[in-house]
Each structure stands twice: as C-alpha cells, then as structure tokens.
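First residue of the sequence shown? That's 197 in the working numbering, and the numbers climb one at a time after it.
Here a beta-carbon is modelled for each residue, glycine too, at the ideal position from N, C-alpha and C.
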Amino acid sequence: MKKELPITIAVVDDNALIRESVKFRLNSLGYNVVMEAENGQEFLDKLHENSTPDVCVLDINMPVMDGLETTVHLKKEWPAMKIIFFSMEDSSIYINKGIQLGADGFVAKDAPFSDLNNMLLSIINQGQVA
Numbered sequence: 197m198k199k200e201l202p203i204t205i206a207v208v209d210d211n212a213l214i215r216e217s218v219k220f221r222l223n224s225l226g227y228n229v230v231m232e233a234e235n236g237q238e239f240l241d242k243l244h245e246n247s248t249p250d251v252c253v254l255d256i257n258m259p260v261m262d263g264l265e266t267t268v269h270l271k272k273e274w275p276a277m278k279i280i281f282f283s284m285e286d287s288s289i290y291i292n293k294g295i296q297l298g299a300d301g302f303v304a305k306d307a308p309f310s311d312l313n314n315m316l317l318s319i320i321n322q323g324q325v326a
C-alpha cells in the first residue's frame with residue numbers, strides 16, 4: 197500500500213550547508229523534512245524523542261557516529277525506516293557495505309539532485325514506505 201505524500205524525511209549530514217540545501221530542495225518538491233542531525237548519534241537521540249520519519253537521507257562520513265554504524269542501529273530499532281546513503285564516498289566498498297547493512301539506496305552528492313528525487317520516488321512507488 198502506497199503512502200500518500202508528503203513522505204517524511206530526515207537529513208543527517210555533518211555539513212550544515214548540505215543539510216539546508218537538501219532540506220530546501222526536498223521541501224520544494226513536496227516532501228516533508230521533519231528532522232535534521234549532524235551525526236548519527238544526534239539522529240538516534242532525536243529518534244527516541246520524536247516520531248520516526250519514513251526515509252533517512254544519510255551521509256557516510258561524519259564525526260561521532262558515521263552512516264554505516266548509524267545504519268546498524270536504525271535497522272535494529274526502526275526497521276521500517278528506509279535509508280538512502282547520500283555521500284561523496286561513492287566507492288563500491290561503501291555502497292556494498294551499506295546495502296549489506298540494510299540501506300535501500302545510494303546517491304552521490306555530486307550527482308544531479310534529480311537522482312535523489314528519483315531514488316525517493318523509486319522507494320515510494322515500490323510501496324516500501326510504511
């Protein structure tokens with residue numbers, strides 16, 4: 197069963213400019229960015245106090261807790277949340293590890309923004325968003 201828009205999204209990235217840019221672009225496309233964090237630990241802390249977003253757009257390289265470790269926690273405690281890695285780390289090692297850990301997709305930060313939207317639409321249209 198497909199969820200009606202707006203899909204709720206969390207943006208987790210240690211770069212404030214990237215977070216703001218992604219949030220602005222996603223909101224302009226009709227998504228609802230409901231949470232932001234600058235590292236995985238901050239995101240996990242916020243999840244314990246707030247409702248769970250449908251999708252997490254997650255950087256890999258961050259201080260305190262990186263995206264790979266964050267994914268392990270998310271899949272254990274919030275298995276229905278979809279995870280899209282959004283990173284400059286576009287080597288197959290990171291992509292394969294992320295998928296092994298349960299990530300639902302990968303978009304390089306230097307790719308056109310439409311790639312992120314297409315990945316979100318793909319996840320939504322597959323009916324995978326709870």
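{"Check": "Taking the Cβ atom as the reference point for each residue, do Q237 and V260 lie within a distance shorter than 8 Å?", "Outcome": "yes"}
{"Check": "Buried or exposed: which applies to V253, given that a residue is buried once 16 or more other Cβ atoms fall within 10 Å of its Cβ?", "Outcome": "buried"}
{"Check": "What's the C-alpha gap between S217 and N223?", "Outcome": "10 Å"}
{"Check": "Bridge partners of L205, per DSSP?", "Outcome": "According to the sequence as given, residue 205 is Ile; it is not Leu. DSSP, once it has assigned bridges, lists V229, V251 as partnering I205."}
{"Check": "Where does I320 land, buried or exposed, given buried means 16+ other C-beta within 10 angstroms?", "Outcome": "buried"}
{"Check": "Distance check for W274 and D241, CA to CA, integer angstroms please.", "Outcome": "13 Å"}
{"Check": "Can you tell me where the alpha helix (DSSP H) holding A307 begins and where it ends?", "Outcome": "It is not in any alpha helix (DSSP H) - A307 carries neither H nor E in the DSSP assignment."}
{"Check": "What did DSSP end up calling I280 once you bin it into helix, strand or coil?", "Outcome": "strand"}
{"Check": "Just checking my contact of V251 with I203 at CB under 8 Å: how many whole Å lie between their CB atoms?", "Outcome": "6 Å"}
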